[in-house]
Amino acid sequence: MEHNNNILIIGGPNSGKTHFGGQLYLRFRSDECTYKIATPPEDLTVFQEVVDCLSDGRSASRSNVELRKNLSLKIIDSKNVAVSVSFPDYGGEQIKQIVDNRGVNELWQHQIENSDKWILFIRLNDIPEIEDIVNRPLPEKVSIKDERKSPLKISDNAFYIELLQMLLYAKKVSNKQNVTIPRLMIALSCWDLLNAGGAIPQEILKTKLPMFYEFVTNSWDKSNLYIVGLSSTEKTLHNEKSDDDYLNSSPENFGYAILPDGTKEKDLTLLISKIIGQ
């Protein structure tokens, strides 16, 4: 299969895709960046709204930005290598629907078929700690009647496994043998909130989502799987109150990635280079 460098950005609501997209857009416009925008999208409104929020030191929240759009950036590097970065669901609402409905819509099907690299955003600080037999509290008495009223909610481990299985099925790729295409990068977003210490991203994912970790490491070829940490803003921003550090500097001076070996990298576009194999 031909490697087209078509990157699909995947993640649910509040998973970190919004700020990452805005920061990429800022960097792609910079004279210092390796990548340049080759073909601007027809509608730059969302990217510009995110940039405007960050420039004002505010979070690009759902109240500040219109996120229900499908976006794509066509870029080239200094050697004229073309790369497409696609956000089929910038706000992330459709990800849950894919799992709930066990299928993808026409837009997603097209994007999946044409992609050969995936970046999956997971925000681990929103995922509760796994309880063991020691720290698990005693169960409260629940009547059968109450149980029937409660909707069935799958675990976070099961959700992400199911999501990738649905996407692989849509791409007609079996995970019975080690997957090489699509290449997969798992971006553990909001890394600054994880209190990771010196742990590398792989260790954090294995601790927080052990079953999902086993699934991806057993399904993907090792040279085509990357687990990284990501903090697109480097600190928590608020919806209304502007952050002084951002007001005194430029948004592109903030943010960092933690590479698989634990190296901290300020250039967020390096994740694009890594996923396309440069």
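Using the working numbering, the letters of the sequence shown map in sequence onto residues 82 to 359. Note that the Cβ used here is the ideal one computed from N, Cα and C, for glycine as well.
Contact with chain B by residue 124, beta-carbon distance below 7 Å: Looking at the structure shown, chain B is missing, and only one protein chain is on hand.
Extent of the continuous beta strand (DSSP E) to which residue 298 belongs: Taken as a continuous stretch (DSSP letters only), residue 298 belongs to no beta strand (DSSP E), being part of the alpha helix (DSSP H) at 291-300.
Limits of the beta strand (DSSP E) - the one that residue 337 falls within: Segment 337-339, the beta strand (DSSP E) holding residue 337.
Whole beta strand (DSSP E) elements within the region 109-135, 3-residue minimum: 117-120
Beta-bridge partners of residue 310, as assigned by DSSP: 269, 339
Alpha carbon of residue 344 to alpha carbon of residue 332, nearest angstrom: 21 Å
Residue 330 versus residue 260 - alpha carbon distance: 42 Å
Residue 174 versus residue 93 - alpha carbon distance: 6 Å
Same chain, Cβ closer than 6 Å to residue 161, neighbours up to 5 away in sequence not counted: none
Assigned secondary structure, residue 98 (DSSP; H/G/I helix, E/B strand, else coil): Looking at residue 98 - three-state DSSP - the assignment turns out to be helix.
Nearest-angstrom Cβ-Cβ length linking residue 320 and residue 139, presumed shorter than 8 Å: 6 Å
Residue 90 (DSSP reduced to helix, strand or coil): strand
Span separating the alpha-carbon of residue 352 from that of residue 204: Using only the alpha carbons, I get a separation of about 17 Å.
Rounded separation between residue 269 and residue 309 - CA only: When rounded, the distance between both Cα atoms is 6 Å.
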